[in-house]
Amino acid sequence: MHLEKRNHFKVRQSFSKKIWYFLLIIASTHLQAQTDKLNQFWNEYDFTKDLSQKWVLQFDAGLVTSSTPEDSDIFHNITQFYIRPWAHYYPSQRWKVSVFYAYYSNQNVPELNQRKAPEFRTAIQATYNLVKLPQIKVNLRARIEDRHIENDDHYLEAVERFRFQIKAVCPVTTFGLKTKAMYVFASDELFFKTKSQVSGPDLFDRNRASLGVGFTLIDNIQLEVAYANEFMPRDPTNKMVNAIQLKGIFNNFFPTLLKSFKRKKSAVDLGEGSL
Numbered sequence: 334m335h336l337e338k339r340n341h342f343k344v345r346q347s348f349s350k351k352i353w354y355f356l357l358i359i360a361s362t363h364l365q366a367q368t369d370k371l372n373q374f375w376n377e378y379d380f381t382k383d384l385s386q387k388w389v390l391q392f393d394a395g396l397v398t399s400s401t402p403e404d405s406d407i408f409h410n411i412t413q414f415y416i417r418p419w420a421h422y423y424p425s426q427r428w429k430v431s432v433f434y435a436y437y438s439n440q441n442v443p444e445l446n447q448r449k450a451p452e453f454r455t456a457i458q459a460t461y462n463l464v465k466l467p468q469i470k471v472n473l474r475a476r477i478e479d480r481h482i483e484n485d486d487h488y489l490e491a492v493e494r495f496r497f498q499i500k501a502v503c504p505v506t507t508f509g510l511k512t513k514a515m516y517v518f519a520s521d522e523l524f525f526k527t528k529s530q531v532s533g534p535d536l537f538d539r540n541r542a543s544l545g546v547g548f549t550l551i552d553n554i555q556l557e558v559a560y561a562n563e564f565m566p567r568d569p570t571n572k573m574v575n576a577i578q579l580k581g582i583f584n585n586f587f588p589t590l591l592k593s594f595k596r597k598k599s600a601v602d603l604g605e606g607s608l
């Protein structure tokens, strides 16, 4: 029995050493690699329409501006514009399944290997509410994206990308404030992709972390302001983005174009900030 415990301890000790060596290698690689730092402004506007308790339509559009390594002005370049219609299906209180088809106008995007790269993107996404407490809501989200990006030869290259996000939302009442119209949120997301001429040979695409605050202005309108940090390991120069993100959310929009219906919010909605 004692021999088994000693062997088990040695195995754990050896495994711990390997982990520490691995982390030290990663840290030294980051220290040695050059990193281009950019400042960006992301703004997005979401419009939703409830069809029933199970189905919701959404349309969003966004614009990204960026600095360059030579110019720190956050509005120096328009790097991306996109439009994106969605359909959301709620099979249960804790689950939401979503699909979208989008067009992205990419110009001078830092991580792409050409100046212009128009893109058509489709995706399927699943969101699960992991924690539903009065003090905190936590959602897990997985998305598979099928990206078709035009290269310099005017050929659409196919790039598959997998994204996994964890997001926590806390009403400010959790911190002792007496208003239900505000909430804070934090998220972290990992991106993995296939290789292509435009997007590069790297399997790991990026890590995106964000921290922000949301406001319910009136019943159907929300505003979110956040800081986001993206790290993209690239050879020979890594990319790091510090971004200010502004997001307007207009729930149950277009009431006169489709039959009016207002669905009850589910647990997965609460985990996304619809408090």
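For the sequence shown, my numbering assigns the number 334 to the initial residue and increments by one for each residue that follows. All C-beta atoms, glycine included, are put in the ideal place defined by N, C-alpha and C.
CA-to-CA distance, residue j to residue i, given in whole angstroms
i: Ile499; j: Leu473; result: 5 angstroms
i: Lys572; j: Pro402; result: 10 angstroms
i: Val397; j: Tyr516; result: 25 angstroms
i: Arg476; j: Lys429; result: 12 angstroms
i: Glu605; j: Glu490; result: 33 angstroms
i: Arg345; j: Val531; result: The predicted model places Arg345 with a pLDDT of 47, which falls under 50 and marks its position as unreliable; any figure quoted below should be read in that light. Their backbone Cα atoms lie some 43 angstroms apart in a straight line.
i: Asn484; j: Ser529; result: 10 angstroms
i: Thr412; j: Lys449; result: 9 angstroms
i: Lys465; j: Arg427; result: 9 angstroms
i: Ala501; j: Asp486; result: 43 angstroms
i: Phe548; j: Phe392; result: 20 angstroms
i: Leu603; j: Lys382; result: 17 angstroms
i: Thr455; j: Thr527; result: 15 angstroms
i: Trp388; j: Gln440; result: 34 angstroms
i: Asn372; j: Phe564; result: 12 angstroms
i: Phe537; j: Pro566; result: 8 angstroms
i: Glu337; j: Leu463; result: Per-residue confidence for Glu337 stands at a pLDDT of 46, beneath the threshold of 50, marking its modelled position as unreliable; the derived number appears in the next sentence. So the two alpha carbons sit approximately 38 angstroms from each other.
i: His481; j: Glu493; result: 9 angstroms
i: Leu364; j: Tyr488; result: Any answer about Leu364 is weak, because its pLDDT of 48 lies below 50 and its placement is not dependable; what the coordinates show is given next. Whole-angstrom Cα-Cα distance: 37 angstroms.
i: Arg596; j: Ile554; result: 15 angstroms
i: Glu478; j: Phe453; result: 10 angstroms
i: Leu579; j: Ala542; result: 15 angstroms
i: Ser607; j: Phe414; result: 26 angstroms
i: Gln458; j: Ile469; result: 23 angstroms
i: Tyr378; j: Thr506; result: 26 angstroms
i: Asp552; j: Val558; result: 18 angstroms
i: Leu390; j: Val546; result: 25 angstroms
i: Leu556; j: Gln367; result: 36 angstroms
i: Asp404; j: Ser599; result: 45 angstroms
i: Phe408; j: Ser520; result: 25 angstroms
Limits of the unbroken alpha helix (DSSP H) element including residue i
i: Val432; result: Note, Val432: premise wrong, no alpha helix (DSSP H); beta strand (DSSP E) at 428-439.
Beta-carbon gap between residue i and residue j smaller than 9 angstroms
i: Val574; j: Asn562; result: yes
i: Tyr461; j: Val601; result: yes
i: Gly438; j: Pro451; result: Contrary to the premise, residue 438 reads as Ser rather than Gly in this sequence. Against a cut-off of 9 angstroms, the Cβ pair of Pro451 and Ser438 comes out as a contact.
i: Ala514; j: Leu550; result: yes
i: Lys467; j: Pro504; result: A small fix is needed here, since residue 467 is Pro in this sequence, not Lys. Yes, these two residues count as a Cβ contact at 9 angstroms.
i: Ser399; j: Phe374; result: yes
i: Ser385; j: Phe594; result: yes
For residue j and residue i, believed in contact at Cβ under 8 angstroms, the rounded distance
i: Tyr560; j: Ile577; result: 6 angstroms
i: Phe524; j: Arg539; result: 5 angstroms
i: Asp369; j: Thr570; result: 5 angstroms
i: Gly395; j: Asn376; result: 6 angstroms
i: Phe497; j: Glu522; result: 7 angstroms
Residue range of the unbroken beta strand (DSSP E) whose run includes residue i
i: Pro379; result: Before going further, note that residue 379 is Asp rather than Pro in the sequence given. Note, Asp379: beta strand (DSSP E), 367-383.
i: Asp602; result: Segment 600-603 is the alpha helix (DSSP H) holding Asp602; no beta strand (DSSP E) there.
i: Ile499; result: 489-504
i: Val442; result: Val442 -> no beta strand (DSSP E), and no H or E assigned at all.
i: Phe583; result: 570-583
i: Ala456; result: 452-465
i: Glu522; result: 515-526
i: Glu478; result: 470-483
i: Glu563; result: 554-565
i: Thr412; result: 410-422
i: Ile407; result: Counting along the chain, Ile407 falls outside any beta strand (DSSP E), and DSSP gives it neither H nor E.
i: Ser399; result: 388-399
i: Gly545; result: 537-551
Is it a yes or a no for the segment 432-440 touching the segment 401-421, going by three-plus beta-carbon pairs under 8 angstroms? With the rule of 3 Cβ pairs closer than 8 angstroms, the segment 432-440 counts as touching the segment 401-421.
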